[in-house]
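*Asks:*
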Amino acid sequence: MMRTVETILVVMLLIAALTTSLFATWPSLRNASSQDLRRIALTTLETLDADNSLSETVFKPSNDSAWDDLQIALASCLPPNVVYNLTVYQILNGSSTELYSPINSISNSKGLGESTDTASYLVTYNATFSKTPGKIGGTYGGTLYMLNCSDASGWWITGYTGQSLAQDLLNLLSQYFQKTVVVQNTTQLGQILNRTALQNETLQNAVVCNVFGEVVPIPQGYYTSANVGYDPINSSYARYCYTLGQKVREYNWTWVSIVGWPLYYVSNTAYFASTQNTYGIYGVNRVGQAGRTAFLQGLDNQPYYYNTTSGVGPGRVVNLTSEAQDYCNYYGLYPNPSQTASRSMPLSVVNDYNLTIAFQMFDTYVDGSSSYVSGALFSNSVSGSLLALGLTRTPDVRLTALGLLGYYKPSLYPIEPTTSSSSRLVILSVGRMGGT
Amino acid sequence: MTIDHLVSTTILVAVILIFVGLANQTLQSAIIYQRHANLATRCSSLLDSILLSSGVPSYWGTNNSAPTVFGLQDPESLKNELSSFSLMRLRSGTEPVYYSKTGSYYSNTTIGSGDSLLEPLAETVNYTAVSELLGTNGTYGFQLTLTPTIAVSILKVQSNPLKFSINVQGTGSPLSNGIVDYCLIIIDVQGSYPAYSLNCGTASLDNLGSALLNFSGIDGSSRSFALLAYAHLPGLVGMGYYKQVTDHENSVIPLVFDVEDGEVILAHSYDIDGRSDATALAYNATFVSVSEDLAFTDNPLQNSIGMVYSGGGSPYGILTISKDTSGILVAAYKKSDGTTGITLMPWGIGPLAFPITFGGSPTGKEWVSTDMRQAVVDNVGYQVVLSMWSLEGYEVTGQ
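Protein chains in written order, with this note's numbering: chain R, 107 to 542; chain D, 24 to 422.
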């Protein structure tokens, strides 16, 4: 009996030992110390994209020769015992449950050998990141009038004409407004002053850009008549500036003076054909210091009073305020932050005409007992505004744009490219050939 | 009965011993397998650690400070681009060069063609220091090798007019239908100092990765010149060069004097390798940089013209090059008998596609794990291989 038990035990042990030795097989030595194929694949893709070549190629049609170059480059940089399959996927969007769709594939083998691994690489190409500006005014305004009057001359805009400045300013500003209307001559200016829309635009709450520097275009006829545009007692067209101020108040306009002393001259090349501005520019009539004052009187609905006492501050180098510099960055406008001002507005106008500084572009400075501001948007407490940039010539219309954008603050909405059109997924599978 | 018991007991014991032996052998194999797998994992992660970090300070390649954290990634890149200057500071395993005038030894990184990158040993980082920074000192040994992915071989097939054959091979296949941007720097012997001119162009490779470059009107039979060639397909760049000199006795040897300041000494070969001819050499040096689109630009240097004298009584001159821009220092030289030569020194290892071997030797180690990555140095594609082995304990020969 014991022998039988012993024999059975021995047989069992032998079977166990043999079975164990039969099944105790180990992975190949290559697997014990295999290379990281996934990392090799990823670094290969990164190498091929070091100069963005891969990103460009995967967006090309499948019959483009760039795919052949990519295959040669792949074959050249991978070791000879490595097989590969590179597949490019289009990223889908919409309601489809499928996220990726293959669009092209290159490979040097049907299979991928004994051991394989895969790396994915997302490439982006032809992506344009842009911004859509919000519109000024919304439903209650948003018209930009650009005074491009062919029958007016400019002053203090040395090196430019009003017409060329108008075009530059339009390029900068038109995208921010609901409607841009170019006022081609003084007749059209007279029409809008008479509440007649030129292109079915909203006249109320508009911005009127006068790009003629210290000159303001004046329509013939009604606006040059006595006690409307002309002050017969003082032989001055300051009365027209007063009327303009009234219109700005009536329509809640923002009147823009891009450089120098606002409303220092009036111009109509036909009406003032034989008059010059005392510096030899014909078609221009000198109003002098009374022009700006009369405008502010009209803006504040004060009675007209011919006043030549208000002046400007002494010449200084002035700097953009920190708020203005912030808006430079936001809107991508980069004028020189230091400017020379020779026509700074006295701060006393704020109290004299019920104004507030709605957006201050340059720091104020003090001279004697008076303070001056070289660039600011002044808003009347009731209605109407004036953007005055009392800088020396030549004008920089980026400052004008900055002044308006800093006041109205239209938002910029980034447009992000859609993933499906600008991104593709590249999958590189690599496998090692050879025995175990 | 007793005999039966003895026999059966003996068989039982024998079977148990066999079983235990088999089990022991199996367990031993398993332990070794695990060790090897662990070594492979360490090797892979260490390689990533080296290639995906710039080290600290991140610009240690361009200043004289030693890194406190080791890494080779280009600090201005987020991808697999490596710093040409950090690689330049790795101490070469070849015999250092001694220059008596400075009393210093120089690490000698060379491609074996006579052109070297000689850097003061004091400004290089050695294997021991890097091992300590990587935390492998005493436990693992390693060797890091960088080999250009694309091999560009150039042969002169005709002297008059000068004609070259270029063959470009990748690790897996030829660079078929690739493009070659080349620049022939040819030395003119007129005047007291040698002059040089650059003759650059573009050629296309055929299906076998070959091309012929013809320089009609140039007789290269008795002139010194160097031909630099970048072969490329979109995303993959290789570099090779060919050089001919008429002065086989002497040469001007550039030595890096100060990495941080971009200063280079031009030494006489007599003072370095002890050649018998100590004749003074007139030189004219320039710095050729290569843009991202592989265009060659000649950047004239201050004090680019001068004399190099041998012997202790003559001081050495120093050239200053743009330290943050990789490129090739080209020194044309001329002896009084009219023979000339040209020496090339890469500033950074990429511009001349120098290979790098850094670290210990894996020879004789019982088990060496290797891993590989692709990388880019100065536009040139490299394959980076890390070989790693255990220095401690079990199944390691020679321990």
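Note that beta-carbon positions come from the ideal geometry of N, C-alpha and C, so glycine has one too.
1) For G336 of chain D, tell me which candidate among D:T125, D:I209, D:L178 has the shortest Cα-Cα distance.
2) Taking C-beta pairs closer than 9 Å, name the residues in chain R that T343 of chain D reaches, listed in chain order.
3) Tell me the DSSP secondary structure of W367 of chain R in three-state form.
4) For chain R, check one thing: does any of its Cβ atoms lie closer than 8 Å to the Cβ of A152 of chain D?
5) Give me the residue from R:Y357, R:A181, R:N486, R:V424 with the minimum Cα distance to Y471 of chain R.
6) Can you list the alpha helix (DSSP H) stretches of 4 or more residues lying completely in the stretch 293–340 of chain D, in chain order?
7) Could you tell me which of R:N291, R:L505, R:S342 sits nearest to L279 of chain R, measuring between CA atoms?
8) Using the DSSP secondary-structure output, state which residues sit across from E104 of chain D in a beta bridge.
9) Which value, in whole angstroms, describes the spacing of the CA atoms of Y348 of chain R and G404 of chain R?
10) Could you give the first and the last residue of the continuous beta strand (DSSP E) run that contains D223 of chain R?
11) Roughly how many angstroms lie between the CA atoms of Y356 of chain D and T117 of chain D, to the nearest whole one?
12) From the beta carbon of A156 of chain R, is the nearest beta carbon of chain D less than 8 Å away?
13) Can you round the beta-carbon distance between Y514 of chain R and N486 of chain R to whole angstroms, since I take them to be within the 8 Å contact cut?
14) From this set, R:N210, R:D157, R:T292, R:V479, which residue's C-alpha is nearest S454 of chain R's C-alpha?
15) Is L221 of chain D helix, strand or coil by DSSP?
16) Between which two residues does the beta strand (DSSP E) carrying Y264 of chain D extend?
17) For chain R, find out if any of its Cβ atoms is closer than 8 Å to the Cβ of D204 of chain D; answer yes or no.
18) Taking the alpha-carbon positions, what's the L483 of chain R to V393 of chain R distance?
19) Flag Q141 of chain R as yes if its beta-carbon sits less than 8 Å from any beta-carbon of chain D, otherwise no.
20) Can you give me the start and stop residues for the alpha helix (DSSP H) that K186 of chain D sits inside?
21) With a Cβ-Cβ cutoff of 8 Å, do D321 of chain D and V311 of chain D count as a contact?
22) I need the boundaries of the beta strand (DSSP E) containing D211 of chain D, first residue and last residue.
23) Where P208 of chain R and V164 of chain R are concerned, what is the direct C-alpha to C-alpha distance, given to the nearest angstrom?
24) Using a Cβ-Cβ cut-off of 8 Å, state whether M539 of chain R counts as contacting chain D.
25) How many angstroms separate the CA atom of I41 of chain D from the CA atom of Q57 of chain D?
26) Based on the DSSP secondary-structure assignment, which residues constitute the bridge partners of W412 of chain D?
27) So, is the C-beta of L35 of chain D closer than 8 Å to a C-beta in chain R?
28) Can you pull out the residues from the stretch 159–172 of chain R whose beta carbon lies closer than 8 Å to at least one beta carbon of chain D?
29) Chain R partners of T395 of chain D, CB-CB under 8 Å?
30) Measure the beta-carbon distance from L428 of chain D to L110 of chain D and round it to whole angstroms, keeping in mind my assumption that it falls under 8 Å.
31) Taking the alpha-carbon of I242 of chain R as reference, which of R:M539, R:D257, R:T286 has the nearest alpha-carbon?
32) What are the partner residues of G382 of chain D, as DSSP defines its beta bridges?
33) The beta strand (DSSP E) with R422 of chain R in it runs from where to where?
34) Mind checking which residues open and close the alpha helix (DSSP H) that includes F401 of chain R?
35) Which of the three DSSP states, helix, strand or coil, is assigned to K353 of chain R?
36) Using a Cβ-Cβ cutoff of 8 Å, what residues of the stretch 309–321 of chain D are near chain R? List them in chain order.
*Replies:* On the basis of the data shown:
1) D:T125
2) Within chain R, no residue comes near T343 of chain D; the closest Cβ sits about 30 Å away, beyond 9 Å.
3) Here W367 of chain R sits in coil by DSSP.
4) So no, A152 of chain D is outside the interface.
5) When only C-alpha atoms are compared, the closest one is R:V424.
6) 293–296
7) Ranking the options by Cα distance to L279 of chain R, first place goes to R:L505.
8) D:V399
9) Those two C-alpha atoms are separated by around 5 Å.
10) 221–230
11) 26 Å
12) So yes, A156 of chain R belongs to the interface.
13) At roughly 16 Å, the Cβ-Cβ gap does not stay under 8 Å, so Y514 of chain R and N486 of chain R are not in contact.
14) Among R:N210, R:D157, R:T292, R:V479, the Cα nearest to that of S454 of chain R belongs to R:V479.
15) strand
16) Where Y264 of chain D is concerned, the enclosing beta strand (DSSP E) stretches over 259–267.
17) no
18) 23 Å
19) So, interface residue.
20) K186 of chain D -> not in any alpha helix (DSSP H); beta strand (DSSP E) instead, spanning 185–192.
21) yes
22) 202–211
23) 11 Å
24) Under the Cβ distance rule, M539 of chain R does not count among the residues neighbouring chain D, no pair being separated by less than 8 Å.
25) 24 Å
26) D:G164, D:V391
27) yes
28) S159, L160, E162, T163, A172
29) What sits at residue 395 of chain D in the sequence shown is Met, not Thr. Per Cβ cutoff of 8 Å: Q141, I146, P185.
30) Any property of residue 428 of chain D remains undetermined from this structure, which presents chain D solely from 24 to 422.
31) R:T286
32) Looking at the DSSP assignment, G382 of chain D forms a beta bridge with D:Q166.
33) 422–425
34) 396–405
35) helix
36) E315
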